[in-house]
Ligand SMILES: C[S@@+](CC[C@H](N)C(=O)[O-])C[C@H]1O[C@@H](n2cnc3c(N)ncnc32)[C@H](O)[C@@H]1O
Ligand SMILES: [Zn+2]
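Numbering (this note's numbering), first residue to last: 1 to 390.
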């Protein structure tokens, strides 16, 4: 019933592949998530060695086939124990088979358990984790409280969310109920999705006096992924909370204002003075990743033979280029359509913006967009000028 497959340094049994992986599989497995797992290995190696962590305890409470847990045990040197759990008894049997197959039964502990139950059994100080990886299908929201409660004082929390229709605002009411944040359907909705998720976990952590710093976060394929460093203490929690706010979008002129704080407001557009009706938040308005962390990840890539190495390189290079840019980006194809002109080469647009002293970069969120400090009006003028010159 299972097939043998190689990923990273492990050979594991997985269910036969389906065109679209679904919850009807005996054990859920998505080959598309290989990049997610490769990058997890890289991020943990960098984080744990940077902080000289030893005897590291990891929890993967939604383990599926166990491939992620077993790869962490085999490929990350500082590991003392990986606690893997799944609510599906067939998955638990498979994790057991896979840990034996990879000779890591001493490192990987397997539990047939609900994720919240497993995590809350590990809240005492000796049992807490240095790393928790929440990788569900759908929303990770249900596990925020128990994950935050079972982290050591300085740890790394990894989260995947695949409930994109909710986070991008197609299912607005669900987003408000689930994440206590208002989404917004805009050309940069995927970035808002990631920022809403970050904002929500930051508020959950702050309630427990824990501050979060995103070391790396991105949107790719069908999901968003976060890697947050956690630091205990009132000051840290307060500092993280101070990085929440609202993004206000003027539908008339495309102007975006970023407002810090937890109180929503309605105002007039500072650009065209029309009343602004659209805003999203509370959400994370600070950097979504750390330049130093991305640079360290990039440095380590040549030491690996990951299956998704080229894609990871390209993702990290793009992220590095945009990490210090302002929130939100502009879809050049949409703007060019509005102006009824062809899209000028992106390189020329970015060079022109740089000449004007603006921040400008590509963005990993969309191949059709650029991130820049300029506003829509200026950007349109640049597009028109470049098309005249070409
Ligand atoms: C997306 S899959 C995990 C994939 C795995 N992390 C990987 O990298 O291959 C989600 C898993 O969570 C399990 N699951 C769903 N709800 C759960 C819950 N409340 N507690 C524990 N496991 C759960 C499912 O049985 C499934 O195996
Ligand atoms: Zn306006």
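Note that the Cβ used here is the ideal one computed from N, Cα and C, for glycine as well.
Out of 195, 127, 360, 228, which has the shortest C-alpha to C-alpha gap to residue 211? 228
Verify the contact flag: residue 269, CB atom, against every heavy atom of ligand 2, threshold strictly below 7 Å. yes
Short check: CB of residue 222 to CB of residue 318, under 8 Å? no
Should residue 74 be labelled buried (16 or more other beta-carbon atoms within 10 Å of its own) or exposed? buried
Whose C-alpha, out of 115, 87, 71, is nearest the C-alpha of residue 100? 71
Can you tell me where the beta strand (DSSP E) holding residue 374 begins and where it ends? No beta strand (DSSP E) contains residue 374, which DSSP labels as neither H nor E.
Regarding residue 296 and ligand 1, is the C-beta to nearest heavy atom distance less than 7 Å? no
Could you give the distance in angstroms between the alpha-carbon of residue 252 and the alpha-carbon of residue 274? 7 Å
My output table needs one value for residue 9: the three-state DSSP class, helix, strand or coil. coil
Helix, strand or coil for residue 221? Go by DSSP, reduced to three states. coil
For residue 143, the nearest candidate out of 118, 152, 126 (CA to CA): 118
So what's residue 139 in DSSP terms, helix, strand or just coil? coil
Going by the C-beta, is residue 380 closer than 7 Å to any heavy atom of ligand 2? no
Under a three-way DSSP split, which group does residue 18 fall into? coil
Which residues in the same chain have their Cβ closer than 6 Å to the Cβ of residue 140, if we skip the five residues on either side of it in sequence? 134, 159, 161
Any chance the stretch 180 to 190 sits against the stretch 365 to 382, with 3 or more Cβ pairs inside 8 Å? yes
Return yes when the C-beta of residue 277 is under 7 Å from any heavy atom of ligand 2, and no when it is not. no
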